[in-house]
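Student: Residues in the sequence shown are numbered from 1 upward in steps of one, following UniProt numbering.
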Amino acid sequence: MENKISLLQPVEVWRHFEKLCAIPRPSGHLEKVTRYVVEFGRSLGLETIVDTAGNVLIRKPATPGMENLRPVVLQAHLDMVPQKNGTVKHDFEVDPIRPYIDGEWVKAQGTTLGADNGIGLSSILAVLESETLRHGPVEALFTNDEETGMTGANGLKAGFLKGEILLNTDSEQEYEIYVGCAGGINIQASFRYRDEPVNSDNDEAYSITVSGLKGGHSGIDIHLGRANANKLLFRFLKEVVSDYEVRLSSVSGGNMRNAIPREATAIVTLPSDDVPDFMEAVDEYARVLADEYALIEDGLSFKVEKAAMPSTWIPEPVQDDLINAVVACHDGVLRRVPGAPDMIETSSNLAIVQSGDGAIDVTFLARSSSESMKAYLVSMIESTFLLAGARVETSGGYPGWQSDLNSPFLNVAKKVHHDTLGIDPQIMIIHAGLECGIIGEKYPEMEMISFGPTLRHPHSPDEKVEIASVGRYWKFLTALLEDIPEK
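#1: Can you find the residues in the same chain that come closer than 7 Å, C-beta to C-beta, to Arg-336, ignoring five residues on each side of it along the sequence?
#2: Looking only at C-alpha atoms, which of Thr-132, Glu-131, Leu-128 and Val-353 sits nearest to Pro-261?
#3: Can you look up Gln-319 in the DSSP assignment and give me helix, strand or coil?
#4: Per DSSP, Phe-302 forms a beta bridge with which residues?
#5: Using only the alpha-carbon positions, how far apart do Ala-308 and Ser-348 sit?
#6: By how many angstroms is the C-alpha of Val-88 removed from the C-alpha of Leu-46?
#7: Within 8 Å, do at least three Cβ pairs link the stretch 187-200 to the stretch 282-291?
#8: CA-CA distance, Glu-2 and His-459?
#9: For Ile-352, report the span of its beta strand (DSSP E) as first-last.
#10: Return the bridge partner residues of Tyr-100 from the DSSP annotation.
#11: Rounded to the nearest angstrom, how far is the Cβ of Met-380 from that of Ile-165, given a contact under 8 Å?
#12: Applying the criterion that 16 or more other CB atoms from any shown protein chain within 10 Å of the CB defines a buried residue, is Lys-487 buried or exposed?
#13: Ignore the nearest five residues each way along the sequence and tell me which others in Val-378's own chain have a CB closer than 8 Å to its CB.
#14: Would DSSP call Lys-157 helix, strand or coil?
#15: Which word fits Gly-433, buried or exposed, when buried means at least 16 other C-beta atoms lie within 10 angstroms of its C-beta?
#16: Kindly provide the ranges of any alpha helix (DSSP H) runs that are 4 or more residues long and lie completely inside the UniProt domain "Peptidase M20 dimerisation" (210-293), ordered along the chain.
#17: For Ser-355, count the other beta carbons within 10 Å of its own beta carbon; 16 or more makes it buried, fewer makes it exposed. Which is it?
#18: Do you know offhand how far Pro-315's Cα is from Ile-208's?
#19: Name the two residues that bound the continuous alpha helix (DSSP H) containing Asn-117.
#20: DSSP has Trp-313 in a bridge; who is on the other side?
#21: What span of residues does the beta strand (DSSP E) with Glu-393 cover, start to end?
#22: Got a sec, what are the start and stop residues for the beta strand (DSSP E) Met-428 sits in?
#23: Identify the continuous alpha helix (DSSP H) that holds Arg-59 and give its terminal residues.
#24: Locate the alpha helix (DSSP H) running through Asn-411, then write down its first and last residues.
#25: Helix, strand or coil for Lys-19? Go by DSSP, reduced to three states.
#26: What whole-angstrom Cβ distance do Pro-71 and Glu-139 have, given they're in contact under 8 Å?
#27: Can you give the Cα-Cα distance for Gly-212 and Gly-136, rounded to whole angstroms?
#28: Which runs of the beta strand (DSSP E) fall wholly inside the stretch 25-90 and span at least 3 residues, in chain order?
#29: Within 10 Å of its beta-carbon, does Ser-218 have 16 or more other beta-carbons around it, so buried, or fewer, so exposed?
#30: Quick one: what's got a C-beta closer than 7 Å to Arg-42's C-beta in the same chain, skipping five residues either side?
#31: On the three-state DSSP scale, how would you describe Met-1?
#32: What did DSSP end up calling Leu-477 once you bin it into helix, strand or coil?
#33: Can Leu-161 and Leu-141 be called in contact, C-beta distance under 8 Å?
#34: Quick check on this structure: which residue in Cys-181, Leu-300, Phe-385 and Ile-5 has the alpha carbon closest to the alpha carbon of residue 563?
#35: By DSSP, does Tyr-178 sit in helix, in strand, or in coil?
#36: When DSSP builds the beta bridges, which residues end up paired with Asp-203?
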């Protein structure tokens, strides 16, 4: 089935996407895809530049006779989120993504597909390569490590771009044009301690694992009520620690700040005499979860299995403080947009809990289209963990993209969309981070919109892209390039 991907329509886009799937490009490891894009640009004889932040810029001259159109920046990010199902063996730094066709969708075998933002990236490569498309001056901007902190956009220098209009290709619902997005910030709470040697001969060790959750994008999917593996695990730990002499040795849950965690595991010990009652509590909790999430998480698994005896414990005061803080902290939607209840304003994702080497780090991504509410959410989470004795730091903050509904170019885009696809687009603000906000701070006069084909479940192994929507997205993109206003 894989060899059919490049034969889908539009061929010029899918052919590039199939090639991208063969190139490992997880965030933080973009050497191969950067080299591929640079060599691609230079092979076409186009001006190709790599800046100090790792962004790639390729300039293509206007079609003869269209030099007077306003210059356009086509923008996509190079990296993809590396997520896989627990049973899948896949090294994202080495192994290719294995796409396949499933009815009306393209999916990947057990991993994220990378259609976020690989379809946008592929469409821009197709524009650069085309000898028949009509357009004004084009700059193709491929940014570095968007998924782990918008590194490339943050490192972009003012004056690097010449374009007056930016078309961001990182949206995930056709028939929608995005004109604003939420800002975000990383929050990390850290506990430091000295490992305590296990000193009980009467204890048994068990692994407690939550798995099989849907996960998903921590902005786009945060309102769907999906379970957070870290929350489910620590909710159980809170129950059993208070009833039995359970000691925590290690914990690991989640691995990406912008993905709802699908799996979490803890290694614990407890006295042998408590095991029968403990296992009854396990069975009861599994029944509770199955009932609570029956309509949302059909793959949810809660398992407790015998494990090798660990050599150390997390000190009991630290263990208790950690459990209390994780159970108490906010996760999920905090507030919807006043007057627009279908739109999410503020949310948090309890993304990662990781112990090791005398430390436990708890990582959140907070999002909001309101700077004041974002600051309040940070304060809520910070206060929770400060009360528990943790050190709290913030990093990687980025601004929201403030909408400009009076943009003249937006009116052009709306007309082209209607004329090309026969439907008026919805004008939207997205509860996710787009690089437009950061780029707009450095290029305040640049008009921007974002659009793309229909994707479902990005940042999870269930990610898929609707085949027909890619064709409509391409049709709109190419028509829009031809109808860019003159200077």
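By construction, the Cβ of each residue, glycine as well, lies at the ideal position given by its N, Cα and C atoms.
Tutor: Walking through what the data contain:
#1: Met-343, Ile-344 and Glu-345
#2: Val-353
#3: helix
#4: Val-210
#5: 35 Å
#6: 40 Å
#7: no
#8: Only weak support is given to the placement of Glu-2: the predicted model assigns it a pLDDT of 46, under 50, and the question is left unresolved by the model.
#9: 340-356
#10: Lys-107
#11: So it is not a contact: roughly 39 Å between Cβ atoms.
#12: exposed
#13: Ile-185, Ile-187, Ala-366 and Thr-394
#14: coil
#15: buried
#16: 229-243 and 275-292
#17: buried
#18: 19 Å
#19: 115-129
#20: Glu-196
#21: 391-398
#22: 426-430
#23: Premise fails: Arg-59 lies in the beta strand (DSSP E), 56-60, not in any alpha helix (DSSP H).
#24: 408-421
#25: helix
#26: 7 Å
#27: 48 Å
#28: 47-50, 56-60 and 72-77
#29: buried
#30: Thr-48
#31: Bear in mind that the predicted position of Met-1 carries a pLDDT of just 40, short of 50, making it too unreliable to give a figure here.
#32: helix
#33: yes
#34: Residue 563 lies beyond the residue range present for the chain, which begins at 1 and ends at 487; the question has no answer from this structure.
#35: strand
#36: Pro-271
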